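First comes the structure, then the notes that go with it.
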Amino acid sequence: MNPTTFIFSFTIAMAGLAIYQTHLLSLFLCLEGMALSVFCLMASSSSSSFVISTIPMPLIMLTFSVCEAGLSLVLMVSMARTHHNDLMSSLTLLKC
1215 MNPTTFIFSF TIAMAGLAIY QTHLLSLFLC LEGMALSVFC LMASSSSSSF
1265 VISTIPMPLI MLTFSVCEAG LSLVLMVSMA RTHHNDLMSS LTLLKC
């Protein structure tokens, strides 16, 4: 596929990250969309080049993306238990 497609999907996910700022789940889904587009771009670029050092890079990126998804799920569950919602307005620093 064309790298422009992956860059466009990354831009769409970044715009979603900027627009949907009310719920924590929508922010995490936009972050996962960004990570998926970066993974697809890395996988397509490493398959086109035959350098040995670029082949494991998409797997490393996928591992970091899975760790990020797990941490975001833990953060969302702990926030839902303490604040009883997943709204970003509950995370203000002015509440002490």
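First residue of the sequence shown? That's 1215 in this note's numbering, and the numbers climb one at a time after it.
Glycine residues also receive a C-beta, built at the ideal position from the N, C-alpha and C atoms.
This one's a predicted model, so the numbers in the text were calculated from it and none came from an experiment.
In this structure, the straight-line span from the alpha carbon of Leu1301 to that of Leu1287 is close to 14 Å. In this structure, Glu1282 lies away from Ala1229, with their beta-carbon atoms at least 8 Å apart.
Of the candidates Leu1239, Leu1255, Ile1221 and Pro1217, Leu1255 places its Cα closest to the Cα of Met1275.
In the three-state reduction of the DSSP assignment, His1237 falls in the strand class.
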